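Top line first, the protein sequences correspond to chains A and B.
Taking our numbering, the leading residue of the first sequence gets 55, the next gets one more, and so forth.
Taking our numbering, the leading residue of the second sequence gets 75, the next gets one more, and so forth.
Idealized CB from N, CA, C, for every residue including glycine.
Note that the structure is predicted; figures quoted are calculated from it, not measured.
Some notes on the structure that comes next.
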Amino acid sequence: MSMINYASREINCKIVYYGPGLGGKTTNLEHVYGKVQPDTRGKLISLATETERTLFFDFLPVDLGTIRGFKTRFHLYTVPGQVYYNASRKLILKGVDGIVFVGDSQVERMEANQEAMQNLYDNMAEYGYDLTTMPFVIQYNKRDLPNAASIRELQASLNPGWEVTESTRMRPLADPAHPGERLIEQLPTGEWIERAPYLEAVAVSGEGVFETLRAVSKLVLKSLA
Amino acid sequence: MPVSASSWSFTEDDFGAITKALERFLADCNARCALLVDRTGQLVATVGQRPDFDPTAFATLTAADFSANDQLAKLVGENDFSSLFHQGEKESMYLADVARRVILVVLFDSRTTLGLVRIKMRQTVVELTQLFEIVFARGGSAEAVPNILAGADDEIDKLFQ
């Protein structure tokens with residue numbers, strides 16, 4: 055739920071980083087915090103346990119520029135990755151404008167990824183939000199690790215595509231970030247499917263972090279336009 | 075898009091009316107500062123003495139605080155806890171729900187009492203609820219509030235080049 059403040063000429067949007075535990079959600083925010091100009095960001099708030107596991111959320115507000123005289127302010131949140139904290143995870147999703155799913159590329163984490171994705175769908179559905187119609191991108195993190203699964207495997211497991219039901223959208227749509235791939239396509243069975251845009255990242259070194267933030271915030275602004 | 079359907083905007087007139095109600099409230103109960111925060115953690119308005127903390131962070135934590143307490147209320151069989159009180163040595167805060175969408179937070183010190191704040195807050199909440207219900211009823215409807223981003227696709231693209 056974006057908030058437009060005409061008095062302070064601001065558009066405020068909420069982006070939530072979701073995903074399995076230890077997948078790199080907080081690391082994404084920490085990198086953004088460290089790299090953007092101090093005058094364009096607020097404080098990084100972390101409600102974490104003593105062992106630095108996110109207990110409730112991390113929060114970072116950043117300004118991404120001005121459109122039509124309105125400052126675009128994005129509130130970035132992460133949720134706790136551990137299933138144990140599902141109640142607080144769900145609270146963070148309230149009023150969300152855009153979602154980044156931070157997947158852990160390691161083969162061993164495939165099941166945790168799937169579980170988190172299912173949990174995201176379920177929690178969104180409880181609020182009546184439909185993930186397939188809102189700004190949503192997937193980040194495959196930890197691409198530098200030797201035990202990282204291939205993009206093809208990750209896509210098949212986490213982003214197999216949802217059915218396109220609107221006839222106006224039933225036309226091939228190329229994925230601008232990945233030549234030769236499509237975001238919307240027709241399967242040999244005749245069914246049209248759409249996938250969420252995906253990005254590759256190594257959040258600890260910052261690779262792909264800003265690309266992800268840009269991708270999701272652009273989708274959010276376009277959804278308002 | 076369902077996202078924008080649940081959006082809400084307030085105009086300068088709304089803002090003026092809200093600010094006036096809050097200023098009156100602060101004067102009546104001799105509190106330091108009042109903040110309005112929406113349930114998703116966005117700061118809507120600040121009135122009174124300028125807080126010396128980061129108001130954005132404060133707003134986020136307030137919303138989280140309220141949401142967590144909402145869930146606690148449900149666990150103990152209550153619909154909600156419509157107000158919360160946090161007592162400090164010097165500074166205290168009182169939080170109250172407004173129209174189920176906004177939270178009114180008031181910061182006060184020893185120059186006033188909890189009882190007075192609570193009484194005055196109750197009246198202000200009623201007043202604000204009426205104001206906000208008008209804002210929410212209008213919602214993000216295109217006629218009432220022009221969509222400032224309509225047709226701004228090119229500008230959005232440029233921002234992310």
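Are residue i and residue j close, meaning C-beta to C-beta below 8 Å?
{"i": "A95/B", "j": "L205/B", "result": "yes"}
{"i": "V191/A", "j": "Y131/A", "result": "no"}
{"i": "L117/B", "j": "A108/B", "result": "no"}
{"i": "K148/A", "j": "T198/B", "result": "no"}
{"i": "A170/A", "j": "P74/A", "result": "yes"}
{"i": "V154/A", "j": "R143/A", "result": "no"}
{"i": "S271/A", "j": "G152/A", "result": "yes"}
{"i": "T266/A", "j": "Q160/A", "result": "no"}
{"i": "A203/A", "j": "M164/A", "result": "yes"}
{"i": "Y139/A", "j": "L98/A", "result": "no"}
{"i": "N195/A", "j": "G244/A", "result": "no"}
{"i": "A173/B", "j": "E207/B", "result": "yes"}
{"i": "I121/A", "j": "L178/B", "result": "no"}
{"i": "F182/B", "j": "A105/B", "result": "yes"}
Under three-state DSSP, which class holds residue i?
{"i": "L208/A", "result": "helix"}
{"i": "Y139/A", "result": "helix"}
{"i": "L202/B", "result": "helix"}
{"i": "P129/B", "result": "helix"}
{"i": "P92/A", "result": "helix"}
{"i": "M171/A", "result": "helix"}
{"i": "Y131/A", "result": "strand"}
{"i": "M195/B", "result": "helix"}
{"i": "L149/B", "result": "helix"}
{"i": "L109/A", "result": "strand"}
{"i": "K276/A", "result": "helix"}
{"i": "D154/B", "result": "coil"}
{"i": "V161/A", "result": "helix"}
{"i": "A202/A", "result": "strand"}
{"i": "A228/A", "result": "strand"}
{"i": "L117/B", "result": "strand"}
{"i": "D184/A", "result": "coil"}
{"i": "E217/A", "result": "strand"}
{"i": "E104/A", "result": "coil"}
{"i": "K148/A", "result": "coil"}
{"i": "E229/B", "result": "helix"}
{"i": "T187/B", "result": "coil"}
{"i": "M75/B", "result": "For M75/B, the predicted structure reports a pLDDT of 31, less than 50, and the residue's modelled location is therefore unreliable. A value from the coordinates is still provided. Of the three classes helix, strand and coil, the one that applies to M75/B here is coil, per DSSP."}
According to DSSP, residue i sits in a beta bridge with which residue or residues?
{"i": "H160/B", "result": "M167/B"}
{"i": "F124/A", "result": "I121/A"}
{"i": "P251/A", "result": "Paired residues: none, contrary to the question."}
{"i": "C107/B", "result": "G122/B and L181/B"}
{"i": "V154/A", "result": "Y71/A and V191/A"}
{"i": "V209/B", "result": "In DSSP, V209/B forms no bridge with anything."}
{"i": "I99/A", "result": "F113/A"}
{"i": "N59/A", "result": "E64/A and F84/B"}
{"i": "Q240/A", "result": "W246/A"}
{"i": "V176/B", "result": "D112/B and V172/B"}
{"i": "V280/A", "result": "This structure gives no information on residue 280/A, because the portion of chain A shown stretches from 55 to 279."}
{"i": "L256/A", "result": "The sequence given here has Val at residue 256/A, not Leu. In DSSP, V256/A forms a bridge with E261/A."}
Do you know offhand how far residue i's Cα is from residue j's?
{"i": "A255/A", "j": "T81/A", "result": "11 Å"}
{"i": "A269/A", "j": "F127/B", "result": "31 Å"}
{"i": "F89/B", "j": "K194/B", "result": "20 Å"}
{"i": "T94/A", "j": "C67/A", "result": "15 Å"}
{"i": "E106/A", "j": "T85/B", "result": "42 Å"}
{"i": "L275/A", "j": "I230/B", "result": "7 Å"}
{"i": "H232/A", "j": "L253/A", "result": "9 Å"}
{"i": "E84/A", "j": "S100/A", "result": "10 Å"}
{"i": "V169/B", "j": "R197/A", "result": "For clarity, residue 169/B is Leu in the given sequence; the question names Val instead. Rounded to whole angstroms, L169/B to R197/A spans 45 Å at the Cα level."}
{"i": "A61/A", "j": "F111/A", "result": "29 Å"}
{"i": "P92/A", "j": "E64/A", "result": "18 Å"}
{"i": "F113/A", "j": "V90/A", "result": "15 Å"}
{"i": "V137/A", "j": "K79/A", "result": "15 Å"}
{"i": "E4/A", "j": "D144/B", "result": "Outside the modelled stretch of chain A, which goes from 55 to 279, sits residue 4/A, for which no answer is possible."}
{"i": "T126/A", "j": "L233/B", "result": "10 Å"}
{"i": "F140/B", "j": "Q168/A", "result": "31 Å"}
{"i": "G262/A", "j": "K148/B", "result": "41 Å"}
{"i": "D112/B", "j": "K164/B", "result": "26 Å"}
{"i": "N213/A", "j": "Y183/A", "result": "18 Å"}
{"i": "G88/A", "j": "R206/A", "result": "32 Å"}
{"i": "W10/A", "j": "E248/A", "result": "Shown here, chain A extends from 55 to 279; a query on residue 10/A therefore has no answer."}
{"i": "G225/B", "j": "T130/B", "result": "29 Å"}
{"i": "N201/A", "j": "T103/A", "result": "28 Å"}
{"i": "I58/A", "j": "A91/B", "result": "17 Å"}
Members of the region 87-106 of chain B near chain A, C-beta cut-off 7 Å: Flagged, chain order: F89.
Proximal residues, the region 179-193 of chain B versus chain A, C-beta separation under 7 Å: none
Interface positions of the region 105-121 of chain B facing chain C (Cβ-Cβ less than 9 Å), listed along the chain: The structure shown contains no chain C; the protein chains it does contain are A and B.
Interface residues of the region 55-88 of chain A facing chain B [CB-CB below 8 Å]: M55, S56, M57, I58, N59, Y60, A61, I65, N66 and K68
Positions along the region 121-134 of chain A whose CB lies within less than 9 Å of some CB in chain B: Going along the region 121-134 of chain A in chain order, one finds I121, R122, G123, F124, T126, R127, H129 and Y131 with a Cβ nearer than 9 Å to chain B.
Selection of the region 138-157 of chain B by Cβ proximity to chain A, strictly under 8 Å: Result list: A138, S141, A142 and Q145.
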